[in-house]
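Residue numbers (our numbering): 5 to 328. Heads up, the beta-carbon is just placed ideally off N, CA and C, and yes, glycines get one too. Notes to accompany the following structure.
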Amino acid sequence: MNSRLHRVAILVYDGVKLLDVAGPAEVFGEANLLGADYRISLVSTTGAEVTSSIGLRIAVDGSAAAQPDPDTFLMPGGDVHPRTPVPRDLAAAAKNLATRAGRIASVCSGAFILGASGLLDGKRATTHWKIAGELAARHPKAHVQPDAIYVRDGTTYTSAGVTAGIDLALALVEEDHGPDMSREVARSLVVYLQRAGGQSQFSAPLQGPPPRTPALRRVVDLVTADPAGDYSLAELARRLNVSTRHLTRLFREELGTTPARYVESIRFGVAKSLLDQGYSATQTAAMSGFPSYESLRRVFARELSLSPAAYQRRFATTRREPFQ
């Protein structure tokens, strides 16, 4: 095992999400109990303490510029970005640390700070599914992958929302010390070493802006109101009073998909909602418009790498049976 000193610098700022900082730090700390030697430093732009998103003050070890060159530079996120522009001093501090680091990583909206520093240009990246579209729009030179839990592009790592920072830190520990240590850390923290599926398993159905074209918005309304209805291409064209050729072109040009696949995506979102409410997988298949449980299972396997039952166990409720 490689037990050499490994410096981790975490850049914090007013409004930083505490779990984005603490989650990865706990992974590195747990690895230290198994023989690793991660030295974690919390730094800010000026060396002054900061206030987290929940109001807790965070003491720091100094300014970003005054820290030794880090082996890993970690950029946590916070609700403040992307709601407001990234301050120049914060972007400059991130760039300073990144240019001196062996690898750089971000959690959730921390990707916006890396992006503002030019550190995502030409790279694949991800962030929380709710703001992935905004990241792509704000930084068009980045190749945003909205469904990934985390993405590695060379020595740059980006991860999805909040607890995905733990997934990312486990991957970094595995890179440094191998799968046995990362597996033991995951077991100790009672988390998955590698969770199945992407971010879409956590997203609400039909997130994002509605289609611009009135005819396509009407399709969403029709299928959502009655998921089990007949929405073949011919029937949709008849209901919308357009030709099948014109409707197919609208879907291709605006949404980059086919009418059948779009209808399936709406039904998939409805199915997730029904499973969240406690309906059985068989009931869900019928109510959401899938012809059989097997067809529903295939869609879940393709989109989430989970069965409907596995999805429901994870997300339907936090209640547990009482101890006997």
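For my contact list, Ala232 and Ala290 are in at a C-beta cut-off of 8 angstroms; report their separation, rounded to the angstrom. Residue 232 sits at position 228 when you count from the first residue of the sequence shown. Residue 290 sits at position 286 when you count from the first residue of the sequence shown. That pair is a contact at about 7 angstroms.
When you compare the CB of Val227 with every CB in chain C, is at least one pair closer than 8 angstroms? Protein chain content of the structure displayed is limited to a single chain, and chain C is not contained in it.
Nearest CA to the CA of Pro91: which residue from Thr49, Arg156, Leu9? Sequence index remark: in the sequence shown, residue 91 carries index 87 (1-based). It is Thr49 whose Cα lies nearest to the Cα of Pro91.
Label Ala68 either buried or exposed according to how many other C-beta atoms from any shown protein chain fall within 10 Å of its C-beta, with 16 as the threshold for buried. Position 64 of the sequence shown, counting from 1, holds the residue named residue 68. Label assigned to Ala68: buried.
To the nearest angstrom, how far is it from the Cα of Ala63 to the Cα of Leu279? Here the question's residue 63 lines up with position 59 in the sequence shown. Here the question's residue 279 lines up with position 275 in the sequence shown. Straight-line Cα distance between these residues: approximately 43 angstroms.
Determine the closest residue to Glu53 out of Ile44, Tyr266, Gly66, Asp41, with distance taken between C-alpha atoms. Your numbering for residue 53 matches position 49 in the sequence shown. For Glu53, the nearest C-alpha among the options comes from Gly66.
8 angstroms CB neighbourhood of Leu251 in its chain, flanking five on each side removed: Numbered from its first residue, the sequence shown carries residue 251 at position 247. For Leu251, same chain residues with a beta-carbon under 8 angstroms away, outside a window of 5 residues either side, are Ala219, Leu237, Leu240, Ala241, Leu244, Pro263 in chain order.
Assuming contact is defined by CB atoms lying nearer than 8 angstroms, are Ser110 and Leu101 in contact in what I supplied? Looking up residue 110 in the sequence shown gives position 106. Looking up residue 101 in the sequence shown gives position 97. The answer is no: Cβ separation not under 8 angstroms.
The alpha helix (DSSP H) that contains Asp65, what's its start and end? Reading the sequence shown from its first residue, position 61 is the one you call residue 65. Looking at the DSSP string, Asp65 is not in any alpha helix (DSSP H), and its letter there is neither H nor E.
Taking the continuous alpha helix (DSSP H) assigned at Phe32, which residues delimit it? Translated into positions along the sequence shown, residue 32 becomes position 28. In the DSSP assignment, Phe32 falls within the unbroken alpha helix (DSSP H) covering 22 to 37.
Report the CB separation of Leu60 from Leu22 in whole angstroms; it is logged as a contact under 8 angstroms. Residue 60 sits at position 56 when you count from the first residue of the sequence shown. Residue 22 sits at position 18 when you count from the first residue of the sequence shown. So it is a contact: roughly 6 angstroms between Cβ atoms.
Among Val20, Gly81, Asp93, Ala13, whose alpha-carbon lies nearest the alpha-carbon of Gln71? As a position in the sequence shown, residue 71 is number 67, starting the count at 1. Out of Val20, Gly81, Asp93, Ala13, Ala13 has the C-alpha closest to the C-alpha of Gln71.
Where in the region 91 to 175 do unbroken runs of the beta strand (DSSP E), each at least 3 residues long, occur, reported from the N-terminal end onward? 107 to 111, 154 to 157, 160 to 163
For Leu46, report the span of its beta strand (DSSP E) as first-last. The residue given as residue 46 occupies position 42 in the sequence shown. Unbroken beta strand (DSSP E) run through Leu46: 42 to 48.
Could you tell me which residues DSSP pairs with Thr55 in its beta bridges? The residue you call residue 55 lines up with position 51 of the sequence shown. Arg61.
Of the residues Ser57, Leu78, Ala152, the one placed nearest Thr159, counting alpha carbons only: Counting from 1 along the sequence shown, the entry for residue 159 is found at position 155. Ranked by Cα distance from Thr159, the first of Ser57, Leu78, Ala152 is Leu78.
Residue closest to Pro183, alpha-carbon to alpha-carbon, out of Pro150, Ala35, Ala141, Val16: Within the sequence shown, residue 183 is the residue found at index 179, counting from 1. Distances from the CA of Pro183 to each of Pro150, Ala35, Ala141, Val16 were compared; the closest alpha carbon is that of Ala35.
Between Leu124 and Lys145, what straight-line distance do the alpha-carbon atoms span, to the nearest angstrom? Here the question's residue 124 lines up with position 120 in the sequence shown. Here the question's residue 145 lines up with position 141 in the sequence shown. Rounded to whole angstroms, the gap between the alpha carbons of Leu124 and Lys145 is 7 angstroms.
May I ask which residues mark the beginning and end of the alpha helix (DSSP H) holding Val227? What you label residue 227 is simply residue 223 of the sequence shown in a count that begins at 1. Note, Val227: alpha helix (DSSP H), 218 to 229.
Compare the beta carbon distance of Val20 and Ser56 with 8 angstroms and say whether it is the shorter of the two. Here residue 20 corresponds to residue number 16 of the sequence shown, with the count starting at 1. Here residue 56 corresponds to residue number 52 of the sequence shown, with the count starting at 1. For Val20 and Ser56, yes; Cβs fall inside 8 angstroms.
Roughly how many angstroms separate the alpha carbons of Cys112 and Ser247, rounded to a whole number? Working through the sequence shown from its first residue, we reach residue 112 at position 108. Working through the sequence shown from its first residue, we reach residue 247 at position 243. Rounded to whole angstroms, Cys112 to Ser247 spans 43 angstroms at the Cα level.
For Gln281, does the count of other Cβ atoms within 10 angstroms reach 16, so buried, or fall short, so exposed? Taking the sequence shown and counting its residues from 1, one reaches residue 281 at position 277. Its Cβ having fewer than 16 others within 10 Å, Gln281 is exposed.
To which residues of the same chain is Gly267 closer than 6 angstroms at the C-beta, ignoring the five residues directly before and after it? Taking the first residue of the sequence shown as 1, we reach residue 267 at position 263. For the sequence presented, residue 267 should be read as Val rather than Gly. Around Val267: Val227, Tyr235.
Where do the ends of the alpha helix (DSSP H) carrying Thr286 lie? To locate residue 286, count along the sequence shown from 1; it is residue 282. Unbroken alpha helix (DSSP H) run through Thr286: 285 to 291.
In whole angstroms, what is the alpha-carbon distance linking Arg301 and His181? Counting from one through the sequence shown, the residue named residue 301 turns up at place 297. Counting from one through the sequence shown, the residue named residue 181 turns up at place 177. Between Arg301 and His181, the C-alpha separation is close to 37 angstroms.
So, Leu15 versus Ala97, is the Cβ gap smaller than 8 angstroms? As a first step, residue 15 must be located in the sequence shown, where it is residue number 11. As a first step, residue 97 must be located in the sequence shown, where it is residue number 93. Contact flag set, yes.
Arg128 to Val148 span [Cα, whole Å]: Along the sequence shown, one-based indexing puts residue 128 at 124. Along the sequence shown, one-based indexing puts residue 148 at 144. Roughly 6 angstroms between the two C-alpha positions.
Cross-strand partners of Leu78 (DSSP beta bridge): Sequence index remark: in the sequence shown, residue 78 carries index 74 (1-based). DSSP lists Ile14, Ala109 as the beta-bridge partner residues of Leu78.
Per DSSP, what kind of secondary structure is Ala314 in: helix, strand or coil? Position 310 of the sequence shown, counted from the first residue, corresponds to residue 314. In this structure, Ala314 counts as helix in the three-state DSSP scheme.
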